[in-house]
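Undergrad: In the working numbering, the protein residues as written are 735 to 870. Positions of the beta carbon are idealized from the N, C-alpha and C atoms, including for glycine.
#1: When the Cβ atoms of the region 826-836 are set against those of the region 758-773, are three or more pairs found closer than 8 Å?
#2: Rounded to whole angstroms, what's the CA-CA distance from residue 816 to residue 861? Just pull it up for me.
#3: Helix, strand or coil for residue 850? Go by DSSP, reduced to three states.
#4: Give the range of the alpha helix (DSSP H) segment to which residue 796 is assigned.
#5: By DSSP's criteria, residue 838 is part of a beta bridge. Which residues make up the other side?
#6: Alpha carbon to alpha carbon, how far is residue 866 from residue 843?
#7: What is the rounded straight-line gap between the Cα of residue 796 and the Cα of residue 747?
#8: Roughly how many angstroms separate the alpha carbons of residue 811 and residue 848, rounded to a whole number?
#9: Considering only their Cβ atoms, is the gap separating residue 799 from residue 863 smaller than 9 Å?
#10: Ends of the alpha helix (DSSP H) at residue 729?
#11: Under 8 Å by Cβ, that's how I've got residue 824 and residue 786 pegged, so tell me the actual separation to the nearest angstrom.
#12: Between residue 749 and residue 755, how many whole angstroms is the CB-CB distance? I'm expecting something under 8 Å.
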């Protein structure tokens with residue numbers, strides 16, 4: 735993977751855990767008040783059919799939606815309760831895959847988020863998730 739394939743403005747995401755290192759490298763950039771995450775799919779992310787594995791896409795969503803929530807909570811610890819994904823299209827090695835998300839509701843103990851994965855601006859996965867705010 736060469737850095738010339740990473741879109742301008744994206745910086746390496748400093749992993750906070752060993753699992754994230756296994757699915758990366760991941761990147762991020764800030765865009766106004768929001769953060770966009772991305773990764774360049776390669777052969778290590780594929781299934782037996784040469785497409786990006788659905789487990790990789792869900793793992794990427796779980797990590798990045800969690801990061802978006804964590805930042806919205808001023809870095810307060812949180813954990814995934816539920817993450818529901820719908821696969822709309824596929825991705826292949828060489829594709830740049832981005833997460834876009836918005837928090838739909840924030841309660842005292844849980845937070846709800848809606849996100850999607852995009853390749854070249856086209857939606858490939860949609861997701862709805864609930865995260866527990868730890869200590870609440």
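TA: Looking at the atomic coordinates:
#1: yes
#2: The straight-line gap from Cα to Cα measures roughly 10 Å.
#3: strand
#4: 788-806
#5: None; residue 838 has no bridge partner.
#6: Cα to Cα, residue 866 sits roughly 6 Å from residue 843.
#7: In this model, residue 796 and residue 747 are separated by some 15 Å (Cα to Cα).
#8: 19 Å
#9: yes
#10: With the chain covering 735 to 870 only, the question about residue 729 has no answer from this structure.
#11: 7 Å
#12: 5 Å
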